[in-house]
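Working notes, beginning with the structure itself.
Protein chains: 2
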Amino acid sequence: MSRSPRRLVILAEGEFRPHAAKTALGVIRYGPDPVLAVIDSTRAGGNASDLLGPGFDVPVVGSLEEVLGRRPTALLIGIAPTGGRLPPSWRSIILRAIHAGLDVLSGLHTFISDDPEFVAAAGAAGVELIDYRKPPERMETSVGRLHRPGSRVILTVGSDCAIGKMSVALELRGAAARAGVSTSFVATGQTGIMIEGWGVAIDRVVSDFVQGTCEWLSEEGEALGDWVFVEGQGSLDHPAYSSVTLGLIHGFTPHAMVLVHKPGLLEHDFVHLPERSFPILPLPRMIRIHEEIAGLVAPSRVVAVALNTSLLREDEARRAIERTADETGLPCDDPFRFGGDRLFAGLRDNVEALPWITGSEAAA
Amino acid sequence: MSRSPRRLVILAEGEFRPHAAKTALGVIRYGPDPVLAVIDSTRAGGNASDLLGPGFDVPVVGSLEEVLGRRPTALLIGIAPTGGRLPPSWRSIILRAIHAGLDVLSGLHTFISDDPEFVAAAGAAGVELIDYRKPPERMETSVGRLHRPGSRVILTVGSDCAIGKMSVALELRGAAARAGVSTSFVATGQTGIMIEGWGVAIDRVVSDFVQGTCEWLSEEGEALGDWVFVEGQGSLDHPAYSSVTLGLIHGFTPHAMVLVHKPGLLEHDFVHLPERSFPILPLPRMIRIHEEIAGLVAPSRVVAVALNTSLLREDEARRAIERTADETGLPCDDPFRFGGDRLFAGLRDNVEALPWITGSEAAA
Numbered sequence: 001m002s003r004s005p006r007r008l009v010i011l012a013e014g015e016f017r018p019h020a021a022k023t024a025l026g027v028i029r030y031g032p033d034p035v036l037a038v039i040d041s042t043r044a045g046g047n048a049s050d051l052l053g054p055g056f057d058v059p060v061v062g063s064l065e066e067v068l069g070r071r072p073t074a075l076l077i078g079i080a081p082t083g084g085r086l087p088p089s090w091r092s093i094i095l096r097a098i099h100a101g102l103d104v105l106s107g108l109h110t111f112i113s114d115d116p117e118f119v120a121a122a123g124a125a126g127v128e129l130i131d132y133r134k135p136p137e138r139m140e141t142s143v144g145r146l147h148r149p150g151s152r153v154i155l156t157v158g159s160d161c162a163i164g165k166m167s168v169a170l171e172l173r174g175a176a177a178r179a180g181v182s183t184s185f186v187a188t189g190q191t192g193i194m195i196e197g198w199g200v201a202i203d204r205v206v207s208d209f210v211q212g213t214c215e216w217l218s219e220e221g222e223a224l225g226d227w228v229f230v231e232g233q234g235s236l237d238h239p240a241y242s243s244v245t246l247g248l249i250h251g252f253t254p255h256a257m258v259l260v261h262k263p264g265l266l267e268h269d270f271v272h273l274p275e276r277s278f279p280i281l282p283l284p285r286m287i288r289i290h291e292e293i294a295g296l297v298a299p300s301r302v303v304a305v306a307l308n309t310s311l312l313r314e315d316e317a318r319r320a321i322e323r324t325a326d327e328t329g330l331p332c333d334d335p336f337r338f339g340g341d342r343l344f345a346g347l348r349d350n351v352e353a354l355p356w357i358t359g360s361e362a363a364a
Numbered sequence: 001m002s003r004s005p006r007r008l009v010i011l012a013e014g015e016f017r018p019h020a021a022k023t024a025l026g027v028i029r030y031g032p033d034p035v036l037a038v039i040d041s042t043r044a045g046g047n048a049s050d051l052l053g054p055g056f057d058v059p060v061v062g063s064l065e066e067v068l069g070r071r072p073t074a075l076l077i078g079i080a081p082t083g084g085r086l087p088p089s090w091r092s093i094i095l096r097a098i099h100a101g102l103d104v105l106s107g108l109h110t111f112i113s114d115d116p117e118f119v120a121a122a123g124a125a126g127v128e129l130i131d132y133r134k135p136p137e138r139m140e141t142s143v144g145r146l147h148r149p150g151s152r153v154i155l156t157v158g159s160d161c162a163i164g165k166m167s168v169a170l171e172l173r174g175a176a177a178r179a180g181v182s183t184s185f186v187a188t189g190q191t192g193i194m195i196e197g198w199g200v201a202i203d204r205v206v207s208d209f210v211q212g213t214c215e216w217l218s219e220e221g222e223a224l225g226d227w228v229f230v231e232g233q234g235s236l237d238h239p240a241y242s243s244v245t246l247g248l249i250h251g252f253t254p255h256a257m258v259l260v261h262k263p264g265l266l267e268h269d270f271v272h273l274p275e276r277s278f279p280i281l282p283l284p285r286m287i288r289i290h291e292e293i294a295g296l297v298a299p300s301r302v303v304a305v306a307l308n309t310s311l312l313r314e315d316e317a318r319r320a321i322e323r324t325a326d327e328t329g330l331p332c333d334d335p336f337r338f339g340g341d342r343l344f345a346g347l348r349d350n351v352e353a354l355p356w357i358t359g360s361e362a363a364a
């Protein structure tokens with residue numbers, strides 16, 4: 001997990017906007033390496049600070065060549081499209097980066113290290129091709145491992161995909177560290193792995209081994225800290241990704257869950273057929289469903305709600321947080337916008353009172 | 001789907017018993033090819049009819065060599081162990097079969113066609129190595145496809161894994177055909193594929209593509225018949241396999257489900273730690289949970305219960321069927337033991353009355 005820092009250029013051609021470029025934005029906000037520039041010729045002249053706020057001054061440039069003078073050492077592919085394939089128009093940019101001596105870092109389903117043209121070019125240039133989504137060689141189903149005594153495994157779950165489950169887990173890990181407790185973060189997607197340096201892209205694992213892989217990742221996380229914040233994936237009601245979500249819930253068997261929700265979002269971004277609609281469900285129902293489904297394997301409770309208030313003005317956001325706390329009876333905040341300390345303090349109290357933490361359920 | 005018949009020998013060394021040899025037993029009972037013998041030196045002299053009843057006269061022999069005189073053309077690996085690996089002691093039997101000119105058919109996670117020693121031997125002997133669990137090249141997530149008008153997609157679900165979901169789907173397909181309706185069977189596991197000649201072992205698919213693959217398989221099944229019986233996998237409350245189960249529910253979006261249950265089974269066959277227990281849940285609760293979870297993506301209902309009464313005497317079985325019908329208010333039978341006609345007739349009435357079949361839900 002320790003290595004010399006890279007100097008990154010992030011490729012997000014045509015896509016440097018909130019949803020599509022979530023990998024780019026996650027790496028800029030949370031990653032350990034300096035980011036020199038983002039490539040998106042359709043937004044050249046812009047800056048990451050337009051999307052992430054003043055602390056994140058990264059220029060958007062029109063081409064790789066404009067940034068080569070600043071000695072980048074790696075090109076990071078900054079999108080995670082549905083299905084994870086490489087847009088064909090990006091091939092030439094990647095080849096130029098390789099020829100210029102840059103490593104290439106990818107989280108796509110299509111592995112760049114399996115691509116003969118990239119492999120040949122990388123061999124000639126002496127650079128590395130790294131696929132963060134490549135699954136481990138392990139082929140093991142779940143074995144029913146118990147959590148390490150003293151650990152608190154917290155999984156972020158959501159009312160939709162791509163609304164901030166990774167960011168919430170990272171903000172809570174930061175808050176836990178500031179509160180002086182031993183803590184770790186478990187990455188379950190390619191962006192989280194790029195940020196943290198380890199983890200598994202669970203959506204790339206063979207389905208029979210999803211829960212076994214989660215169980216193993218939990219053990220790794222518990223070895224690194226007491227408060228283990230696990231990045232969730234998808235949502236239980238998402239037509240395309242719910243099975244991955246359930247695999248995390250039943251594989252990590254979290255002591256508690258944090259429900260992430262984006263007020264103002266009304267439907268899953270999925271298909272738009274008149275015959276089918278996929279509304280975002282009311283939070284009390286989502287909380288009940290998560291607790292019931294988790295409880296089929298191990299008891300768990302939703303102990304806090306994290307809002308992604310990016311669609312709201314600040315005063316609206318504060319009102320939404322208050323309303324959600326009232327509606328659910330749970331601690332609520334937007335840790336991305338307002339910091340995670342208050343949310344961590346609230347959920348910590350709830351977790352410490354859980355019967356399966358205090359041990360009182362044995363008496364029940 | 002049409003090919004010349006094979007003459008099979010089934011390898012089940014040390015494992016020719018109900019649970020462990022479910023692939024062997026499924027192929028003997030439902031497969032299209034004659035089975036000359038089962039190899040299990042620990043049960044030599046036995047017969048498949050001891051397990052399956054008088055219609056299935058297949059001798060158990062001690063070695064491959066005893067059956068070569070009957071001109072077998074393929075060796076089928078008849079177990080599906082947890083994790084799907086090849087027992088090391090079976091390697092020499094497989095190599096001898098290859099040298100004797102037999103194709104080798106496998107449903108293991110460890111692909112025999114990736115094994116250099118097997119590949120070299122098969123090349124020299126001119127035989128085929130077939131891995132039924134190999135996933136398709138497709139990498140597509142779900143796209144929200146609607147079912148073909150007129151189709152009825154029925155998924156078998158279960159209160160545990162390995163209790164007969166495939167057999168129930170096959171028996172119901174047979175009953176539907178006898179009732180004169182157009183019907184098909186969709187195999188989602190290696191044994192079903194060996195029997196039917198097509199399908200995908202869903203537990204081998206990359207998790208991100210599970211629901212997309214199910215959606216595509218549904219389309220294939222609907223092209224072959226109106227009443228589409230889909231083989232289920234795992235159970236929603238199984239610690240190791242629930243995510244695959246949910247992938248089938250949300251990927252096939254079945255109009256209706258048939259719940260398979262084995263009276264007398266009290267716990268999932270999983271881990272046996274004093275701290276963890278995994279009881280089989282009461283059927284009314286399982287029915288409610290399945291309907292609620294399915295309904296997160298598309299409405300569905302449990303329209304019948306199929307019992308696996310193999311742990312019961314015949315009079316006990318008939319009483320259990322009656323009791324279950326009373327308890328759930330649903331048609332109930334053991335289609336494996338007593339035939340599927342009565343169960344199909346009952347579930348057919350229930351399916352035809354579903355609001356999403358009659359179209360009346362649009363008015364609601």
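Just so you know, the protein sequences line up as chains A and B, in that order. Counting from 1, one number per residue, gives the positions in the first sequence under this note's numbering. Counting from 1, one number per residue, gives the positions in the second sequence under this note's numbering. Quick reminder that beta carbons are idealized off the backbone N, C-alpha and C, glycines included. Since we're looking at a predicted model, the values are computed, not measured.
Exercise for review: Compare the beta carbon distance of Gly107/A and Thr183/A with 8 angstroms and say whether it is the shorter of the two.
Suggested key: Residue mapping note: residue 107/A aligns to position 107 of the first sequence, counting from 1. Residue mapping note: residue 183/A aligns to position 183 of the first sequence, counting from 1. Taking 8 angstroms as the Cβ cut-off, Gly107/A and Thr183/A do not qualify as a contacting pair.
Check your understanding: With DSSP run on the structure shown, which of helix, strand or coil describes Ala364/B?
Key -> Against the second sequence, residue 364/B aligns to sequence position 364. With a pLDDT of 43 at Ala364/B, under the threshold of 50, the modelled position of this residue cannot be trusted, and the question is left open.
Review point. For Thr42/B, is the classification buried or exposed, using 16 other Cβ atoms within 10 angstroms of its Cβ as the cut-off for buried?
Key: Against the second sequence, residue 42/B aligns to sequence position 42. By the 10 Å Cβ count, Thr42/B comes out exposed.
**Study point:** Thr141/B at chain A interface by Cβ criterion, 8 angstroms
**Key:** Against the second sequence, residue 141/B aligns to sequence position 141. Yes, its Cβ sits closer than 8 angstroms to a Cβ of chain A.
Exercise for review: Report back the beta-carbon spacing between Val230/B and Leu155/B to the nearest angstrom; my notes put them in contact at under 8 angstroms.
Suggested key: By one-based count along the second sequence, residue 230/B stands at place 230. By one-based count along the second sequence, residue 155/B stands at place 155. Going by Cβ atoms, the distance from Val230/B to Leu155/B rounds to 5 angstroms, so yes, they are a contact pair.
Practice item. Using a Cβ-Cβ cut-off of 8 angstroms, state whether Gly346/B counts as contacting chain A. Key: Start at 1 with the first residue of the second sequence, and residue 346/B comes out as number 346. It does not; no Cβ of chain A falls within 8 angstroms.
Review point. Would His250/A count as contacting chain B if we go by Cβ distances under 8 angstroms?
Key: Along the first sequence, read from residue 1 onward, the residue named residue 250/A stands at position 250. Answer yes: the Cβ-Cβ gap between His250/A and chain B drops below 8 angstroms somewhere.
Review point. Taking Cβ to Cβ, would you say Phe185/B is nearer than 8 angstroms to Glu171/B?
Key: Locating residue 185/B in the second sequence gives position 185, where the first residue counts as 1. Locating residue 171/B in the second sequence gives position 171, where the first residue counts as 1. In this structure, Glu171/B does not lie closer than 8 angstroms to Phe185/B by Cβ.
Exercise for review: Could you name each continuous alpha helix (DSSP H) segment of 4 residues or more that falls completely within the region 274–358 of chain A, going from the start of the chain to the end?
Suggested key: 283–295, 314–328, 335–338, 341–352, 355–358
Exercise for review: May I ask which residues mark the beginning and end of the beta strand (DSSP E) holding Thr378/B?
Suggested key: Outside the shown range of chain B, which is 1 to 364, sits residue 378/B, and nothing can be said about it.
Check your understanding: Which bits of chain B does Ile10/A rub up against, with CB to CB less than 7 angstroms?
Key -> Numbered from its first residue, the first sequence carries residue 10/A at position 10. Neighbours of Ile10/A on chain B: none; closest Cβ ~23 angstroms, over 7 angstroms.
Point to revise | Cutoff 6 angstroms; reference Glu74/A; Cβ partners in own chain excluding five residues on either side | key: To locate residue 74/A, count along the first sequence from 1; it is residue 74. In the sequence on display, residue 74/A carries Ala and not Glu. So the list reads Arg6, Leu8, Leu102, Asp103, Leu105, once near-sequence residues are dropped.
Review point. Bridge partners of Thr183/B, per DSSP?
Key: As a working mapping, residue 183/B is identified with position 183 in the second sequence. DSSP output for Thr183/B lists Trp227/B as bridge partner(s).
Review point. Would a check of beta-carbon distances place His19/B closer than 8 angstroms to chain A?
Key: As a position in the second sequence, residue 19/B is number 19, starting the count at 1. So, not an interface residue.
Point to revise | CB contact flag (Leu283/A, Glu327/A, <8 angstroms) | key: For this step, residue 283/A is matched to residue 283 along the first sequence. For this step, residue 327/A is matched to residue 327 along the first sequence. Yes, these two residues count as a Cβ contact at 8 angstroms.
Check your understanding: Listed in chain order, which residues of the region 266–293 of chain B have Cβ atoms closer than 8 angstroms to some Cβ of chain A?
Key -> Phe270, Val271, Leu273, Glu275, Arg276, Phe278, Leu281, Ile289, Glu292, Ile293
Review point. Does any C-beta atom of chain B lie closer than 8 angstroms to the C-beta of Arg152/A?
Key: Taking the first sequence and counting its residues from 1, the one referred to as residue 152/A is at position 152. Judged by the 8 angstroms Cβ criterion, Arg152/A is not in contact with chain B.
Point to revise | Where Arg204/A meets chain B, residues with beta-carbon distance less than 7 angstroms | key: Reading the first sequence from its first residue, position 204 is the one you call residue 204/A. Under the 7 angstroms cutoff, chain B gives Val206, Asp208.
Review point. Count the other CB atoms within 10 Å of the CB of Thr358/A; is the residue buried (16 or more) or exposed (fewer)?
Key: By one-based count along the first sequence, residue 358/A stands at place 358. By the 10 Å Cβ count, Thr358/A comes out exposed.
Practice item. State the start and end residues of the unbroken beta strand (DSSP E) segment that holds Asp131/B. Key: The residue labelled residue 131/B in the question sits at position 131 within the second sequence. Unbroken beta strand (DSSP E) run through Asp131/B: 129–131.
Review point. Taking the alpha carbon of Arg145/B as the point to measure from, which residue in Glu316/B, Val157/B, Phe252/B has its own alpha carbon closest?
Key: Numbered from its first residue, the second sequence carries residue 145/B at position 145. Ranking Glu316/B, Val157/B, Phe252/B by Cα distance to Arg145/B puts Phe252/B first.
Point to revise | Three-way DSSP call (helix, strand, coil) for Val143/B in this model | key: The residue given as residue 143/B occupies position 143 in the second sequence. Coil at Val143/B, not helix or strand.
**Study point:** With 16 other Cβ atoms within 10 Å as the buried cut-off, status of Ala175/A
**Key:** Counting from one through the first sequence, the residue named residue 175/A turns up at place 175. With 16 or more other Cβ atoms within 10 Å, it is buried.
Review point. His261/B lies in the beta strand (DSSP E); which residues open and close that run?
Key: Working through the second sequence from its first residue, we reach residue 261/B at position 261. Segment 256–261, the beta strand (DSSP E) holding His261/B.
Check your understanding: By a C-beta neighbour count over all protein chains shown, 10 Å radius and 16 as the cutoff for buried, is Ala353/A buried or exposed?
Key -> What you label residue 353/A is simply residue 353 of the first sequence in a count that begins at 1. Classification of Ala353/A: exposed, given that the 10 Å Cβ count is below 16.
Review point. Terminal residues of the continuous beta strand (DSSP E) containing Ile77/A?
Key: Within the first sequence, numbered from 1, the residue matching residue 77/A stands at position 77. It spans 74–77 - the beta strand (DSSP E) in which Ile77/A sits, taken as one unbroken run.
Exercise for review: Check whether the region 136–151 of chain B touches the region 230–242 of chain A, taking contact to mean three or more Cβ pairs, one atom from each stretch, closer than 8 angstroms.
Suggested key: yes
Exercise for review: Specify the secondary structure class of Glu65/A as computed by DSSP and reduced to three states.
Suggested key: Counting from 1 along the first sequence, the entry for residue 65/A is found at position 65. Reduced to three states, the DSSP call for Glu65/A is helix.
Review point. Sorted by chain position, which residues of the same chain lie with C-beta nearer than 6 angstroms to Pro91/A's C-beta, five sequence neighbours on each side aside?
Key: As a position in the first sequence, residue 91/A is number 91, starting the count at 1. First, the residue type needs correcting, since residue 91/A is Arg and not Pro in the sequence shown. The answer is none, since no qualifying residue turns up.
Check your understanding: Cβ of Pro87/B versus every heavy atom of the ligand SAM: is any distance shorter than 7 angstroms?
Key -> You won't find the ligand SAM in this model; it holds no ligand whatsoever.
Review point. DSSP on Ser106/B, reduced to helix/strand/coil?
Key: Numbered from its first residue, the second sequence carries residue 106/B at position 106. Strand at Ser106/B.
Review point. Does the pairing of the region 12–19 of chain B with the region 308–319 of chain A give three or more beta-carbon distances under 8 angstroms?
Key: no
Exercise for review: Please confirm if the region 28–38 of chain B is in contact with the region 53–61 of chain B, defined as three or more CB-CB distances below 8 angstroms between the two stretches.
Suggested key: yes
Check your understanding: So, helix, strand or coil for Val36/B, using DSSP?
Key -> As a working note, residue 36/B is residue 36 in the second sequence. Here residue 36/B is Leu; the residue named in the question, Val, does not match the sequence. In this structure, Leu36/B counts as strand in the three-state DSSP scheme.
Review point. Shorter than 8 angstroms from the beta carbon of Pro239/A to some beta carbon of chain B?
Key: As a first step, residue 239/A must be located in the first sequence, where it is residue number 239. Chain B, which has a Cβ nearer than 8 angstroms to the Cβ of Pro239/A, makes this yes.
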